[in-house]
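Presented below is the structure to which this report refers.
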Amino acid sequence: MAIEVSPADVARTRYAISPLGEAVQALRVAAGVQQAGPLRPWADRIGPRYEQLRRAVPAVGALTALFRRGAYNADFIHPPPTGTGDDFAAELAVVRATPPGRVRVELARNLAGLRTPPLYVQRILDGPDVLDRLAEAIEAGWHALVEPDWPRLRTVLERDLVRRAGHLAMYGWAAALSDLDPRVSWHSDGPTGTIEVRTGPRSQRERYRLGGKGLLLMPTVFGTLISYVEPPWPYALVYPARGIADLFGPPSGAAAPQALDRLVGPHRADVLRALAVPATTTQLVRQLGLSLGTIGGHLAVLREAGLVTGIRTGQSVRYQRTALGDALGG
1299 MAIEVSPADV
1309 ARTRYAISPL
1319 GEAVQALRVA
1329 AGVQQAGPLR
1339 PWADRIGPRY
1349 EQLRRAVPAV
1359 GALTALFRRG
1369 AYNADFIHPP
1379 PTGTGDDFAA
1389 ELAVVRATPP
1399 GRVRVELARN
1409 LAGLRTPPLY
1419 VQRILDGPDV
1429 LDRLAEAIEA
1439 GWHALVEPDW
1449 PRLRTVLERD
1459 LVRRAGHLAM
1469 YGWAAALSDL
1479 DPRVSWHSDG
1489 PTGTIEVRTG
1499 PRSQRERYRL
1509 GGKGLLLMPT
1519 VFGTLISYVE
1529 PPWPYALVYP
1539 ARGIADLFGP
1549 PSGAAAPQAL
1559 DRLVGPHRAD
1569 VLRALAVPAT
1579 TTQLVRQLGL
1589 SLGTIGGHLA
1599 VLREAGLVTG
1609 IRTGQSVRYQ
1619 RTALGDALGG
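Its first residue numbered 1299, the sequence shown is counted upward by one per residue in the numbering used here.
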């Protein structure tokens, strides 16, 4: 798939965080539809909670039965936010407002080629209240799987957006897309260019044009690369956020990196590792669960040691690792 962009699209490109999207993607990981990868510690921890949820809310089973890899998934279940996002209730209201006709069309397209689901799933998907039942499942997934960790998750997403927006504004599309996903690449053609997205065997034959409307970029902790190119949604790319590998700790049974902990202390080591992506003190507080004073003290020591540096942006200071900090933090 190729998306043609112009200079006007840089200014119109926007960024958003989707709590609802994270809830849907978390259910994909918990159900085993999507590989956990670096989220394995999280998947192991919430496994019993997910099984409890599936028994308590049958519609969760109907929702996860729709999930597919490398094929169409109903768009109304995971619509891109219209604003900057970060409001689960507002996003869920959009899902609940989906016209019944569109629900039926997208479900039929989603189910085409899938194995016949269990009878209880068929009854839910064929029922007149299917939209409400699926919305109920998304809401239950949010409260059980994502909301308890949302402050830390939101911090990771916010940091990625700030970094991505800065790269696009300062250096252009090539820098903004360079590490977005291995399946995304930029091809320049003078003042214009093309974003190529390899999402399937037919993707290279499809061409789209932003036409000055810009692109919506949405990082995700739980998900993988997703592209939106069909009406009524804006052109959008969902991509894996940076900095999630250490978010939930090492996998069960894995040896923790003890050398850095012994060298600078476990909490300072956590701060240094967290700064693989630049962050403010407030964001570090959310991610690491330490007090503001404790984070400030650790940052002061790390700065004196030449491992981190602070850059003022407006009224906030964003900390990042130095070259020596990168070497130690891994």
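Cβ coordinates follow ideal geometry from the N, Cα and C atoms, glycine included.
Asked, Found
"Residue nearest to Val1245 in terms of C-alpha spacing, selected from Pro1379, Ala1388, Leu1513, Asp1424", "Since the first and last residues shown for the chain are 1299 and 1628, residue 1245 lies out of range."
"Under the three-state DSSP convention, the category Arg1481 falls into", "coil"
"Own chain residues within Cβ distance below 6 Å of Pro1549, not counting five before or after", "Residue confidence is low: Pro1549 scores 45 on pLDDT, short of 50, so the model does not pin down where it sits. No coordinate-derived value is stated."
"Sheet register partners of Gln1618 (DSSP bridge)", "Thr1607"
"Opening and closing residue of the alpha helix (DSSP H) in which Met1468 lies", "1448–1469"
"Helix, strand or coil at Arg1505 according to DSSP, with G and I counted as helix", "strand"
"Span separating the alpha-carbon of Leu1558 from that of Gly1399", "57 Å"
"Spatial distance of Glu1504 from Gly1368 (CA atoms)", "16 Å"
"Within 8 Å, strictly: CB atoms of Val1419 and Gly1359", "yes"
"Reference Leu1364, options Ala1354, Val1355, Ile1375, closest by Cα", "Ile1375"
"Among Arg1310, Pro1416, Ser1525, nearest to Met1299 - alpha-carbon criterion", "Ser1525"
"Ser1486 and Ala1472 closer than 8 Å at C-beta", "yes"
"Three-way DSSP call (helix, strand, coil) for Tyr1418 in this model", "helix"
"Pair within 8 Å by beta-carbon distance, Val1575 and Arg1461", "yes"
"For Val1322, the nearest candidate out of Leu1588, Tyr1348, Leu1459, Thr1453 (CA to CA)", "Tyr1348"
"Local conformation of Glu1528 per DSSP, three classes", "coil"
"Simplified DSSP state of Ala1328, which is helix, strand or coil", "helix"
"As assigned by DSSP and simplified to three states, the class of Ala1553", "With a pLDDT of 43 at Ala1553, under the threshold of 50, the predicted position of this residue should be treated as unreliable, though the coordinate-derived value follows. Ala1553: coil per DSSP, three-state reduction."
"Contact belief for Leu1325 with Leu1443 at Cβ below 8 Å, rounded distance in angstroms", "7 Å"
"Closest Cα partner of Leu1432 within the set Leu1455, Leu1412, Ala1395", "Ala1395"
"For Gly1335, the three-state DSSP class (helix, strand or coil)", "helix"
"8 Å CB neighbourhood of Gly1470 in its chain, flanking five on each side removed", "Val1308"
"Reduced DSSP category for Thr1518 - H, G, I as helix; E, B as strand; rest coil", "strand"
"CB contact flag (Phe1520, Glu1320, <8 Å)", "yes"
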